Amino acid sequence: MGTNIAEKRKTSPSMQMVQRGMAVGFPIMLGYLPIALTYGVLAKQAGLTLTELTLMSVMVFAGASQFMGANMIAVGAGAFEIIVATFVLNFRHFVMSLSFMNHLRDIGRNWKVPLSLGLTDETFAVSALHTKEAKEEKGILFYTALILTAYIAWVLGSLLGGLLGEVIPEQLSQSMGIALYAMFIGLLVPSVKKELRVGLIAIIAMLINVICSQFMSEGWAIVLGTVLGGLSGVFLLKGEKETS
Amino acid sequence: MIIAIIIGMSLATMIPRVIPAFIVDKLQFRDWINRWLNAIPFAALGALIFPGILTVVPDKPYIGLVGGIVAIALAYLGLNVILVVIGSIVTVFLFTM
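Chains as they are written, first to last, in the numbering used here: chain A, 769 to 1012; chain B, -4 to 92.
Here is the structure:
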């Protein structure tokens, strides 16, 4: 970063897309770093080696399930149990990926597949609220840069956490725990200002999530909140309002 | 053994993520399904924000709530997302002093 100031005047469309992607990915990076560091520390305590805990970040790239996985390994849970729990917790990414890929119809599968693998709650939220880039020239680089920014922060943060232990003072790391929630709010509010009904969809999803979480695991409650809350959009959103 | 768990977790995460990349080209969605998919980001944001935000400081749910209200206020004023994030971090930090 900061190396391209001289180039900035004559930036190519590609470079410009990469820069924009990194810029919107930066809040994710800020949110991921403390969580990844904490994960690294916890996974080390759970008995994973530095290689194993970093490999998990490289191959899984899903915060909540990695914490859960490390905890379950620590208490000696069986592999099958851990894998099923991971599936349940991350199944929401199927719904998110379907929504995101529907915007990227015109883009080749060679791009779709790697982008879909980089989908997390956070990269999805940011990508999904920046839909106009999908239609711009070299727009795919915008999403690639955004996802890579998040991915690198996640992997390096995990490695550093395992290597250095708790480098961020606990109070600061706890305070930074609100970062991703604040980012979600920062993404949602401008859309609500433009179209109030969007806020209603979000509130319906929140309520469904709260109700469902009384009866089932967090993973399923978020899936149902997203799917059923989104269904209210069929009635609340006007057709072809912002896509296709 | 741990490596096997990691590979299993990886597949359990990757498969749901990647399937839509393969099927979306083959499907033509009706208008109502498109509207549903377009609403998914907003529903997902709602479900991800609440009630999770109450657990930022596990034994003091009100701190997460206050941080969230500050974030709403800053975002409403039109500040950039990064400033919204920093503002709410500072809020939680001050409340946990």
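For glycine and all other residues, C-beta sits at the position ideal for the given N, C-alpha and C.
Owing to the predicted nature of the structure, the values given are computational and were not obtained by experimental measurement.
Asked	Found
Range of the contiguous alpha helix (DSSP H) that encloses Arg12 (chain B)	-3 to 18
Where Arg93 (chain B) meets chain A, residues with beta-carbon distance less than 7 Å	Since the first and last residues shown for chain B are -4 and 92, residue 93 (chain B) lies out of range.
Residues of the region 921 to 939 of chain A whose Cβ lies closer than 7 Å to any Cβ of chain B, in chain order	Gln939
Where Glu934 (chain A) falls: helix, strand or coil (DSSP)	coil
Contacting residues, own chain, Cβ-Cβ under 6 Å from Gly831 (chain A) (five flanking each side not counted)	Ile803
Under the three-state DSSP convention, the category Ile875 (chain A) falls into	coil
Where Ser780 (chain A) falls: helix, strand or coil (DSSP)	coil
Beta-carbon proximity check, Val51 (chain B) vs Gly59 (chain B), cutoff 8 Å	yes
CB contact below 8 Å: Thr994 (chain A) versus chain B	yes
Proximity test, Cβ basis, 8 Å: Asp20 (chain B) and chain A	yes
Closest Cα partner of Ile946 (chain A) within the set B:Gly47, B:Ala70, B:Ala16, B:Leu74	B:Gly47
N-terminal and C-terminal residue of the alpha helix (DSSP H) that Asn33 (chain B) is part of	26 to 44
Cβ-Cβ distance between Val809 (chain A) and Gly987 (chain A) below 8 Å	no
Simplified DSSP state of Lys812 (chain A), which is helix, strand or coil	helix
Beta-carbon proximity of Ile976 (chain A) to Leu1004 (chain A), cut-off 8 Å	no
Residue-chain proximity (His898 (chain A), chain B), Cβ-Cβ < 8 Å	no
Assigned secondary structure, Val960 (chain A) (DSSP; H/G/I helix, E/B strand, else coil)	helix
Cβ-based burial, Pro937 (chain A) [other Cβ within 10 Å; buried from 16]	exposed
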